[in-house]
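Numbering (our numbering), first residue to last: 18 to 165.
The beta carbon of each residue, even a glycine, is placed where N, CA and C say it ideally should be.
First comes the structure, then the notes that go with it.
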């Protein structure tokens with residue numbers, strides 16, 4: 018499936034969506050990961066972890082990411098639009114940003130246990146320099162990317 022990086026949201030809106038989803042009381046399976054040149058750091062929302070703990074860990078990991086790469090593009094992935102799989106988007110983002118120094122790609126999936134209507138999936142592509150972010154958007158947004 019061809020991947021299009023097309024539906025961006027602001028960082029503030031992304032954080033609001035995360036907080037809203039975790040404060041609804043709905044049951045989710047949650048997954049978060051941060052990938053950079055040194056590898057991947059995954060975080061799963063385990064059964065013994067509260068929503069507040071999971072949110073705190075996500076915030077902590079995103080804060081570390083912000084300190085290393087402050088210029089973000091956040092993509093909102095949704096099933097009802099027929100968007101590609103979040104993992105495929107994350108992997109494609111990581112692959113096509115290898116030419117930029119210090120890029121970090123993070124992904125969050127909050128998947129409803131009862132239905133997919135309230136799923137939240139976000140892909141954060143984080144750059145050290147603003148010109149890298151601008152260049153990425155010009156080169157890749159709304160243009161087909163073939164997953165490999």
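The Cβ atoms of residue 121 and residue 73 do not sit closer than 8 Å to each other. Under the criterion of beta carbons closer than 8 Å, residue 50 and residue 64 do not qualify as touching, at roughly 19 Å. By the criterion of a C-beta distance shorter than 8 Å, residue 157 is surrounded in its chain by 22, 113, once the five residues flanking it on both sides are discounted. A residue is called buried when at least 16 other Cβ atoms come within 10 angstroms of its Cβ; residue 148 does not meet this threshold and is exposed. At the C-beta level, residue 20 and residue 105 come within 8 Å of one another. Taking all protein chains in view, the Cβ of residue 27 is surrounded by fewer than 16 other Cβ atoms within 10 Å, so the residue is classified as exposed.
DSSP places residue 68 in the helix class (H, G or I) of the three-state scheme. Residue 44 sits in coil when the DSSP states are folded into three classes, being neither helix nor strand. Secondary-structure assignment with DSSP links residue 52 through a beta bridge to 57, 122.
Bridge pairing for residue 113: absent [DSSP].
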